[in-house]
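The numbering used here applies: residue 42 is where the sequence shown begins, and numbers increase by one.
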Amino acid sequence: MPDYGQELRFGVFLTPAAAAADEVIELALTADASGLDYVTVQDHPYQARFLDNWTLLSTIAARTHSIRVAPNV
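As structure tokens, this is what we get:
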């Protein structure tokens, strides 16, 4: 399979459960410390049980060192 000259990158897809906000942040910190490349977060604004996507991504970006963040729709 061709790689089109792109480096293979790995990440984690987090479910932004409002009831477990601290755990979601901790998983993102662990992903960063483990050397993963990305943290992505579900974006479902109509789901009251989920944290706000952009606020969560901003919080993760502010608390990590080298990981990239992105919404996952």
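We put the beta carbon where it would ideally sit given N, CA and C, even for glycine.
May I ask you to report which of helix, strand or coil DSSP gives residue i?
i: T96; result: helix
i: L55; result: strand
Restricting to Cα atoms, I'd like to know which of the options is closest to residue i.
i: W95; options: V114, S107, H106, D78; result: V114
i: T105; options: S75, R90, A61, A89; result: S75
i: A89; options: A58, G46, R50; result: A58
Is any beta-carbon of chain C found at less than 9 Å from that of residue i?
i: I101; result: In summary, chain C is missing from the structure at hand, where a single protein chain is found.
Leaving out the 5 sequence neighbours to the left and right, which residues in its chain are closer than 7 Å to residue i when beta-carbon positions are compared?
i: V80; result: G52, V53, L55, A69, A72, I101, I108, V110
If you follow the alpha helix (DSSP H) that residue i is part of, which residue opens it and which one closes it?
i: A89; result: It is not in any alpha helix (DSSP H) - A89 carries neither H nor E in the DSSP assignment.
i: V65; result: 62–74
For residue i, which residues in the same chain have their Cβ closer than 6 Å to its Cβ, ignoring the five residues on either side in sequence?
i: L97; result: P57, V82
Hey, could you find the ends of the beta strand (DSSP E) residue i is sitting in?
i: R109; result: 109–113
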